[in-house]
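Below is one structure, written out as structure tokens; comments come after it.
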Amino acid sequence: METIRGKTSLNMDSTELHARLANYKRISLDLGTGDGKFAFCHAETFPNHFVIGIDSCRENLREFSRTNLPNLLYVIASAQSLPHELHGLVSHITINFPWGSLLQSLLDGDSRLMHGLESVLGSGAQLEVRLNGGALSEAGWSLEEGSERIFRNLEMAGWYLETPAKMDTHVLRKFPSTWAKRLAFGRDPRAIQVNASLK
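Here's what the structure looks like:
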């Protein structure tokens with residue numbers, strides 16, 4: 558699979574990946590990581606977690622991928638075609654304020670995304686999804702209707718969902734991602750979070 562550090566792209570095979578993960582019990586995957594800030598903050602805050610940020614846009618990752626944190630890795634891949642090297646390794650997935658093709662795949666219940674998520678997960682896996690009103694509006698959905706559709710698709714794919722919680726501007730301002738800050742001070746700060754686990 559293709560990894561990135563600054564402007565340098567490197568291939569990593571399963572043997573090298575397993576060696577990097579050897580001393581970590583919790584492997585977190587931030588899907589659609591954007592500029593990678595959330596993944597960086599998570600890895601820095603929880604040094605006993607190994608964090609993998611995945612995004613298809615390499616240019617956005619250049620700043621945070623320069624870090625020397627031993628428990629952080631950035632991978633270039635699409636959400637609909639996750640690297641086979643991650644098969645069965647991930648214990649926790651975050652999808653924070655998706656837009657574009659990732660959001661559309663969630664709205665469509667895209668089998669490539671749903672099967673890909675299932676393939677990378679280990680036992681007892683957890684999922685956190687955070688959705689914002691502005692991105693759903695651009696996709697032609699209200700926050701409530703779009704969220705409900707995504708939740709239904711996740712349930713059909715075998716996830717057990719907890720009761721969704723609204724994220725107000727106070728929560729968004731404290732959330733460690735670039736996009737959350739933009740939402741908090743933007744025109745449409747409405748957002749929803751749901752936690753899920755595999756049935």
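Reminder that position 138 of the sequence shown reads as 695 in the numbering used here, one-by-one numbering, no gaps.
Idealized CB from N, CA, C, for every residue including glycine.
Problem set entry | Anticipated Cβ contact below 8 Å, GLU601 with LEU626, distance rounded | Translated into the one-based positions of the sequence shown, residue 601 becomes position 44. Translated into the one-based positions of the sequence shown, residue 626 becomes position 69. Contact flag correct, Cβ pair sits at about 6 Å.
For this session: Leaving aside the five residues before and after PRO640 along the sequence, list all residues of the same chain whose C-beta is less than 7 Å from its C-beta, in chain order.
Result: As a first step, residue 640 is located in the sequence shown; it is residue number 83 there, counting from the start. Only MET558, VAL632, ALA634 meet the Cβ criterion.
Problem set entry | Beta-carbon spacing of PHE595, THR624 below 8 Å | What you label residue 595 is simply residue 38 of the sequence shown in a count that begins at 1. What you label residue 624 is simply residue 67 of the sequence shown in a count that begins at 1. No; because the gap between Cβ atoms is not below 8 Å, this pair is not in contact.
For this session: Compare the Cα-Cα distances from GLN637 to each of ASP570, LEU718, ASN617, LEU674 and report the closest residue.
Result: Residue mapping note: residue 637 aligns to position 80 of the sequence shown, counting from 1. The residue with the shortest Cα to Cα distance from GLN637 is LEU674.
For this session: Pull up the DSSP beta-bridge partners for GLY610, would you.
Result: What you label residue 610 is simply residue 53 of the sequence shown in a count that begins at 1. BP columns for GLY610 point to ASP587, TYR631.
For this session: Apply the 10 Å Cβ neighbour rule to ARG744 and answer buried if 16 or more other Cβ atoms are within range, or exposed otherwise.
Result: Taking the first residue of the sequence shown as 1, we reach residue 744 at position 187. So ARG744 counts as exposed.
For this session: Determine the DSSP secondary structure at TRP736, reduced to helix, strand or coil.
Result: Locating residue 736 in the sequence shown gives position 179, where the first residue counts as 1. DSSP places TRP736 in helix when its eight states are reduced to three.
Problem set entry | Residue closest to THR590, alpha-carbon to alpha-carbon, out of SER613, GLY703, SER571 | Within the sequence shown, numbered from 1, the residue matching residue 590 stands at position 33. When each option's Cα is compared against that of THR590, the closest is SER613.
For this session: Could you please give the first and the last residue of the uninterrupted alpha helix (DSSP H) stretch that includes GLY679?
Result: Counting from one through the sequence shown, the residue named residue 679 turns up at place 122. Note, GLY679: premise wrong, no alpha helix (DSSP H); beta strand (DSSP E) at 678–689.
Problem set entry | Cutoff 8 Å; reference PHE708; Cβ partners in own chain excluding five residues on either side | Mapped onto the sequence shown, residue 708 falls at position 151. Taken in chain order, the residues that qualify are LEU718, PRO721, VAL751.
For this session: Determine the direct distance from the alpha carbon of GLU701 to that of TRP761, and round the result to whole angstroms.
Result: Outside the shown range of the chain (558 to 756) lies residue 761, about which nothing can therefore be said.
For this session: Would you please state the rounded distance, in angstroms, between the beta carbons of HIS599 and TYR581? I believe it to be under 8 Å.
Result: For the purposes of this step, residue 599 is identified with residue 42 of the sequence shown, where counting begins at 1. For the purposes of this step, residue 581 is identified with residue 24 of the sequence shown, where counting begins at 1. So it is not a contact: roughly 13 Å between Cβ atoms.
Exercise. DSSP state of LEU674, grouped into three classes?
Worked result: Within the sequence shown, numbered from 1, the residue matching residue 674 stands at position 117. In this structure, LEU674 counts as helix in the three-state DSSP scheme.
For this session: Could you please give the first and the last residue of the uninterrupted beta strand (DSSP E) stretch that includes LYS731?
Result: Numbered from its first residue, the sequence shown carries residue 731 at position 174. Bounds of any beta strand (DSSP E) do not take in LYS731; it lies within the alpha helix (DSSP H) bounded by 726–731.
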